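Numbering (our numbering), first residue to last: 193 to 333.
Rendered as structure tokens:
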């Protein structure tokens, strides 16, 4: 890879269905691709360390959303479910979920309000699917 890495720096990637510009496959929208290897235990060993946020790679799991600012609704729901799974798996709290921009100066990704992401998605599990979808789409257009 161009950075000299053996694979991508993220552990998981949420796709948007575009396999090339102007070529959209709906069935791939919101699918999950596995990147950097994790062996499934509760420790990140040397061969599992990601390359996603300088200074935090050894103690974090990297999740990337394909796209710049306009993520799709299927991506949103996949990210929610996957991050909820990771929180349970690693016995973490919602306050342990950060966007890249919150840890590294000069970054804007994931270009969403992480306070909203943490509060609404993880602390308010009773929110209706429709209401969350409506809010998400409003913020993305």
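All C-beta atoms in this analysis are idealised placements derived from N, C-alpha and C, irrespective of residue type, glycine included.
This structure is a prediction, so every number in the text was calculated from the model and none was measured.
For the 8 Å CB-CB criterion, residue 303 and residue 260 form a contact. By the Cβ rule, the stretch 276-285 does not count as touching the stretch 237-246, because fewer than three pairs are nearer than 8 Å.
Taking 8 Å as the cut-off, the beta carbon of residue 270 is found no closer than this to the beta carbon of residue 230. Nearest C-alpha to residue 202 among 252, 220, 215, 213: 252. With contacts defined by Cβ atoms closer than 8 Å, residue 246 and residue 296 form a contacting pair.
By the neighbour-count criterion, in which 16 or more other beta carbons inside 10 Å mark a residue as buried, residue 300 falls on the exposed side. Residue 210 and residue 257 have their C-alpha atoms roughly 12 Å apart.
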